[in-house]
Amino acid sequence: MSVEALSPETCTDNVYFRCFAGCEGKHPIYDVIYRCPNCGSLLEVYHERDSLRNRNAYKWQQLFDSRASTTNWPYGSGVWGMREWVIPSLRDENVVSMCEGNTNLFWADRLGKQLGLSELWIKLCGNSHTGSFKDLGMTVLVSVVKQMMAMEGNRVQAVACASTGDTSAALAAYAAYAGIPAIIFLPAGKVSTAQLIQPVANGAHVLALDTDFDGCMKIVQDVTEDQSIYLANSMNSLRIEGQKTVGIEICRQFDWEVPDWIIIPVGNLGNISALHKGFSLMKDLGLINRMPRLVAAQAAKADPFYQSFKNGFAAKTSVIAGETLANAIRIGDPVSYEKAVKAVQETNGVVEQATEQELADACAKADLTGMFTCPHTGVALAVLEKLVNRGEIKPTERVVVISTAHGLKFADFKVGYHESKLRDIMSASANPPVYLKADNQVVKDEISKRLGN
Ligand SMILES: *Cc1c(COP(=O)(O)O)cnc(C)c1O
Ligand SMILES: [Zn+2]
549 MSVEALSPET
559 CTDNVYFRCF
569 AGCEGKHPIY
579 DVIYRCPNCG
589 SLLEVYHERD
599 SLRNRNAYKW
609 QQLFDSRAST
619 TNWPYGSGVW
629 GMREWVIPSL
639 RDENVVSMCE
649 GNTNLFWADR
659 LGKQLGLSEL
669 WIKLCGNSHT
679 GSFKDLGMTV
689 LVSVVKQMMA
699 MEGNRVQAVA
709 CASTGDTSAA
719 LAAYAAYAGI
729 PAIIFLPAGK
739 VSTAQLIQPV
749 ANGAHVLALD
759 TDFDGCMKIV
769 QDVTEDQSIY
779 LANSMNSLRI
789 EGQKTVGIEI
799 CRQFDWEVPD
809 WIIIPVGNLG
819 NISALHKGFS
829 LMKDLGLINR
839 MPRLVAAQAA
849 KADPFYQSFK
859 NGFAAKTSVI
869 AGETLANAIR
879 IGDPVSYEKA
889 VKAVQETNGV
899 VEQATEQELA
909 DACAKADLTG
919 MFTCPHTGVA
929 LAVLEKLVNR
939 GEIKPTERVV
949 VISTAHGLKF
959 ADFKVGYHES
969 KLRDIMSASA
979 NPPVYLKADN
989 QVVKDEISKR
999 LGN
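Just so you know, the sequence shown maps onto residues 549 to 1001 in our numbering.
Written out as structure tokens, the structure is:
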């Protein structure tokens, strides 16, 4: 099969930023711009559909199938294998890719049966370079920055973000790979060693400020105002372009069939917006003929989107986010609210929440069937159980749960659970190691006892 890419120049004028709220105007994606200059809304990258109709639906499927997991750089990346649908004008030499995406769709056979489902699949987005799905967005953002820096009159010198966890890890790694300076703003004393160490190891300028996350966010926005430092926080809609490939990849893994449900843990609401954007594009171009129902799963300690859903999305709700084990979704005032409302409404979706106890139990249960789930995935699995129990998800429907990070990034949570040391959590499935004398008979007796002999 011949695999020919569109030349970088072909689509330049057909892909641009536009205001998500609907204001007139096209803005080049190589401009340093994060919000609509007219109304302040978020921007979105828009792909003019006509420019993508040069191939029919079947040809697009064939093209994406043929590139998946190949060493034909950069097409082996799950993101850049769909290059024409991401940022077609990016030049080869500016693609900053570490072969992200193409993650395993794990068939959770045992867990599915325990829940009474015939088909449960877990999309393991944490099996990625820095251990979370944030890599999918960062490869796009950092690639665009690299191309900007090669353009005449460029003023961008560095990339920056405020984050305590997965965003800073991904930004630091991709920036290091590209040789672009990264500046990370962290609230001093409020992040764990594990969260600190990835950007430290990748050589980012890690600035620990004597404030909280919101304080860091204010400072990074001020620092990035003069346009020489490019803002990589999630109001930057370039990240959505990479993250939207997850939905397309899931369909590809099912031979272009659409699952009935996709459940995803949400905080700032970028990822669910991206999922919806990928499905909309496939539907517009005829690769699929229906949408999956999207479920946004929130931690009860930080559930503004759930509150808004309960009000029929009459108004955006903000809350003061409480402490949760699912710390990557501890967000009280989500940036991508409007995009996520559209995602839920257009897919007949649902928003549900899970308590700390529920997420911990869901993780433990899943781990006992061979997974190693992060707490955010636990939130999604707990929500899945609720929807199955109340009959909203039917036993024969095909369900996908998005696992957003690797459990190894949250070792403290796992250790705490199995040592029964998590505050306010009952560790019903704790499985601590047993310490024995190095004596043959003692060991044999213990094994007999455990195997029920
Ligand atoms: C960022 C993140 C989320 C939330 O994604 P949003 O786009 O903020 O909704 C969920 N899980 C993990 C592990 C994350 O890093
Ligand atoms: Zn606008």
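Ideal placement from N, C-alpha and C gives every residue a C-beta, glycine not left out.
All values reported here derive from a predicted model rather than from experimental measurement.
Secondary structure at T772: helix, using DSSP grouped into helix, strand and coil. Under DSSP, C709 forms a beta bridge with I732. Residues of the same chain with a CB within less than 6 angstroms of the CB of M839, apart from the 5 flanking positions on each side, are F827 and T895 in chain order.
Here DSSP, grouped into helix, strand and coil, assigns C764 to helix. Its chain contains R703, V704 and Q705 as the residues whose beta carbon lies nearer than 7 angstroms to that of S776, once the 5 sequence neighbours on both sides are disregarded; these appear in chain order.
G763 is not a Cβ neighbour of Q743, given a cutoff of 8 angstroms. Assignment of K607 by DSSP, reduced to helix, strand and coil, places it in the helix class. If one requires a minimum length of 3 residues, the beta strand (DSSP E) runs lying completely within the region 560–616 are 563–567 and 591–595, in chain order. Residue range T793 to Q801 is occupied by the alpha helix (DSSP H) that includes I798, with no beta strand (DSSP E) assigned at that position. Relative to the non-hydrogen atoms of ligand 2, the Cβ of N586 comes within a distance shorter than 7 angstroms of at least one. Distances between the C-beta of S637 and the heavy atoms of ligand 1 are all 7 angstroms or more. Your pair S951 and I670 checks out as a contact, with CB atoms roughly 5 angstroms apart and the cut at 8 angstroms.
When DSSP states are grouped into helix, strand and coil, E900 belongs to the strand group. Excluding residues up to 5 positions away in sequence, D808, W809, I810, T895, N896, G897 and V898 lie with their Cβ nearer than 8 angstroms to the Cβ of R841 in the same chain. Remark: C-beta atoms of A730 and H753 approach each other more closely than 8 angstroms. Here E596 is exposed, its C-beta having fewer than 16 other C-beta atoms within 10 Å.
For S589, the shortest separation between its Cβ and any heavy atom of ligand 2 lies below 7 angstroms. Ligand 1 has a heavy atom closer than 7 angstroms to the beta-carbon of N816. Looking at the backbone, the Cα of N859 and that of N979 are separated by about 41 angstroms. Within its own chain, the residues whose Cβ lies closer than 7 angstroms to the Cβ of M630, once the five positions on either side in sequence are excluded, are F612, T793 and I796, listed in chain order. Here V814 is buried: its Cβ has 16 or more other Cβ atoms, across all protein chains shown, within 10 Å. Exclusion of K997 from the 7 angstroms shell around ligand 1 follows from its C-beta lying no nearer than that to any non-hydrogen atom of the ligand. Using a C-beta cut-off of 8 angstroms, the region 914–927 makes contact with the region 946–962, since at least three inter-stretch Cβ pairs fall below that distance. S680 is not a Cβ neighbour of V563, given a cutoff of 8 angstroms. Between V644 and V690, the gap from beta carbon to beta carbon is short of 8 angstroms. For W608, the number of other beta carbons within 10 angstroms of its own is at least 16, and it is reported as buried. Each residue's CA atom was taken as its position, placing G1000 and D987 some 20 angstroms apart. With a cut-off of 7 angstroms, the C-beta of A914 is classified as distant from ligand 2, since no heavy atom of the ligand falls inside that distance. Burial state of I788 is buried, judged by a 10 Å Cβ sphere holding 16 or more other Cβ atoms. Residues C922 and P923 of the same chain have their beta carbon placed closer than 7 angstroms to that of F958, with the five preceding and five following residues left out of the count.
Per the coordinates, the alpha-carbon of N586 lies some 27 angstroms from the alpha-carbon of E700. Counting only residues of its own chain and dropping the five nearest sequence neighbours on each side, Q801 has a CB closer than 6 angstroms to the CB of L653. Between N816 and P735 a beta carbon distance of about 16 angstroms is seen, past the 8 angstroms cut, so the two are scored as non-contacting. By the neighbour-count criterion, in which a residue is buried when 16 or more other Cβ atoms sit within 10 angstroms of its Cβ, Q901 is buried. A check of alpha carbon separations from S977 across E871, K969 and Y983 identifies K969 as the nearest. DSSP places E894 outside both helix and strand once states are collapsed to three, so it counts as coil.
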